[in-house]
Each structure stands twice: as structure tokens, then as C-alpha cells.
Amino acid sequence: MVLFIAFVGLVAWIFNKFLGGQPDVFYGVLVGAIIYAAIMYYSGSRLALAVNGAREIKKQDNPRLWNIIENLSITDGLPMPRVFIMDDPSPNAFATGRNPQGAAVCCTTGLLSIMNDQELQGVFAHELGHVKNYDIRVSMVAFALTAVISLIADVIFQLTWFRGNNRDNQNNQLFFLFGIVAAILAPLIATMIQLAITRQREYLADATSALTTRYPEGLISALQKIENTGSVLQRQNTATAHLFFANPLRSHSLANLFSTHPPIDKRIARLRGMEDHA
Numbered sequence: 023m024v025l026f027i028a029f030v031g032l033v034a035w036i037f038n039k040f041l042g043g044q045p046d047v048f049y050g051v052l053v054g055a056i057i058y059a060a061i062m063y064y065s066g067s068r069l070a071l072a073v074n075g076a077r078e079i080k081k082q083d084n085p086r087l088w089n090i091i092e093n094l095s096i097t098d099g100l101p102m103p104r105v106f107i108m109d110d111p112s113p114n115a116f117a118t119g120r121n122p123q124g125a126a127v128c129c130t131t132g133l134l135s136i137m138n139d140q141e142l143q144g145v146f147a148h149e150l151g152h153v154k155n156y157d158i159r160v161s162m163v164a165f166a167l168t169a170v171i172s173l174i175a176d177v178i179f180q181l182t183w184f185r186g187n188n189r190d191n192q193n194n195q196l197f198f199l200f201g202i203v204a205a206i207l208a209p210l211i212a213t214m215i216q217l218a219i220t221r222q223r224e225y226l227a228d229a230t231s232a233l234t235t236r237y238p239e240g241l242i243s244a245l246q247k248i249e250n251t252g253s254v255l256q257r258q259n260t261a262t263a264h265l266f267f268a269n270p271l272r273s274h275s276l277a278n279l280f281s282t283h284p285p286i287d288k289r290i291a292r293l294r295g296m297e298d299h300a
């Protein structure tokens, strides 16, 4: 995260040089980007639930699911999160919320239909692990920073058309070319940093699940079922893909070239390693 923030600062500095040191425009765009990031940060949870068509339930709607989440919340010392269900045959789940007090967990109807209770415990211990470890906040910050960099890169591209031939010396020409290269590479680098963060937090949530349930085999079995069945959702949304338990995007999707999740076989191998050292 420190590296990410430093990278944002570097891109902002390049942007300022690209503008020829015009502070008014630079600070205006920077403030706009920060406001945009703040909106994404504070409204991200509601948007994630809305765009995925999640509906909130109460205990009487699904006592099995509610009791599993309630017991895990007590074990982890967390407040009971809001519980949602998505009507989708693919087995998957996600958690959202900047802090434990505002957390929500959601699963698909497909997950409920193919998982036994121990497997569900493994999956939701993983999702509550995200809440406990503040992974969702980290992911939202990373996503917001990526959006800021992409916004600045877009502005650089737009301003390129208005600079015309106003490159009257070698230094201006150098920064002009440097700015174009940065506008192309910055979003790619930012996305790679974001994905590295989210993948590591997935491994951490798996470990938290195993420590919470004291039964890694439940999570391993759930991962194996998802690997065999597939986790691709009918409603595709790249903006919220990083929140899910398993990659919800189609394998031929362009966004899948940069997966938000580590391979399932590697996740299982790490959990096996925890069993061996238990």
C-alpha cells in the first residue's frame, strides 16, 4: 500500500510536469480524483450489493445460513453482519463493508445448494476473515487509487490533443513523450499492484478460515467443488470481481488476463501445508 501511494504521487508529479507546471489545473484534477476516490470508498459496499442483485434476508428466510454466519461471528468476536443471497446457480460468495460494524456477507443460491455445513463454514469463515482483517477496506483503497491513476492517465491523453505543437524546446518535448508513456503504463502498473494486494489478502483469508474453524478440510473441500463446478456468475461485473470468494468472471474475458484471485490449486496447496504443520 505504501508503494501504491508512492506510485500515485509519482504519476501526479509526471502529470504536473506534463502540464508545464500549471498548478491550478494540476490541483483541480487531483482534487477531483480524490473526491471520486472518496465516493468509491464510501459507497462501494452499497454499489457492490446493488450491481450483483443481492437481496437481504433474515433468520427465518434461511435459518441454516443465518446460524452458520452467526456462530462464526461469535467465534471471531465480530458483530453479526447483514446477510444477503444472490439468485445465481454458480457457487460463490463475497463480503463487503469498510469495517466489522458495517459488514455484509452474500452468497449465491448455487453455493447453498452444493455445499454441506462444514464447507459453508469454511467459505464464510473465509469471508468473515476478510472482514476481521479489514481486507475489504484495503481492497477499496487499492481500487480507488487505481481509479485515480486511470483518471489522471485519461486526462493526459485528452490534453495531448490540445497541446498541439506547443513543444518549443527539448525539455518540453521530453516531458511530453514521458507523459504519454506514463499515461499508457500507469494504469497497467496500478492494476498489477492492486491485483498483487488482493491475491495476498485471499491467501490470508484462507488462513484465517482454517484457524477459525480448526478444520481446513472444510474449506479445501469447498474449493475443490468450486473448481469442478465453476464459479462464473451469470451477471458479470469486473468492478466487484475482487470481492468474491472465487473468480466470478468468464475465462475468455479480457479482464481475466489479470485475475483478482490466486489459482485454486495454489490455495488448496497452502491449506494442505497448514494441515501438515498443525
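So the sequence shown is numbered by our numbering: it starts at 23 and just counts up by one. Virtual Cβ for every residue (Gly too), placed ideally from N, Cα, C. Since this is a predicted model, take the numbers as computed values, not measurements.
To which residues does DSSP link residue i through a beta bridge?
i    : result
F106 : E78 and C128
T118 : A126
What is the DSSP secondary structure of residue i, counted as helix, strand or coil?
i    : result
A268 : coil
T260 : helix
P85  : helix
G99  : coil
D148 : Before going further, note that residue 148 is His rather than Asp in the sequence given. In this structure, H148 counts as helix in the three-state DSSP scheme.
Y156 : coil
V18  : This structure leaves residue 18 out entirely; the chain is present only between 23 and 300.
N138 : coil
T209 : The identity of residue 209 in the sequence shown is Pro, whereas the question assumes Thr. DSSP places P209 in helix when its eight states are reduced to three.
Kindly give me the distance between the Cβ atoms of residue i and residue j, rounded to whole angstroms, as I take these residues to be in contact under 8 Å.
i    : j    : result
L94  : L167 : No, L94 and L167 are not in contact; Cβ-Cβ is about 31 Å, not under 8 Å.
P103 : I90  : Contact flag wrong, Cβ pair sits at about 12 Å.
I247 : I107 : What sits at residue 247 in the sequence shown is Lys, not Ile. Not really, about 18 Å apart at Cβ, beyond 8 Å.
T118 : T234 : Actually they do not touch by this definition, with Cβ atoms about 19 Å apart.
D110 : Q256 : 5 Å
A147 : L133 : Contact flag wrong, Cβ pair sits at about 14 Å.
A208 : V33  : 5 Å
Which first and last residues belong to the alpha helix (DSSP H) in which residue i is found?
i    : result
A244 : P238 to T251
Alpha carbon to alpha carbon, how far is residue j from residue i? Give it in angstroms, no decimals.
i    : j    : result
R292 : A229 : 8 Å
H251 : Y64  : The identity of residue 251 in the sequence shown is Thr, whereas the question assumes His. So the two alpha carbons sit approximately 34 Å from each other.
L271 : S253 : 8 Å
T262 : N38  : 31 Å
I242 : D176 : 42 Å
S225 : S231 : Here the sequence assigns Tyr to residue 225, which means Ser is not the residue at that position. Whole-angstrom Cα-Cα distance: 10 Å.
I290 : H283 : 13 Å
V170 : Q140 : 41 Å
Q82  : P238 : 29 Å
N84  : L71  : 18 Å
M62  : N121 : 15 Å
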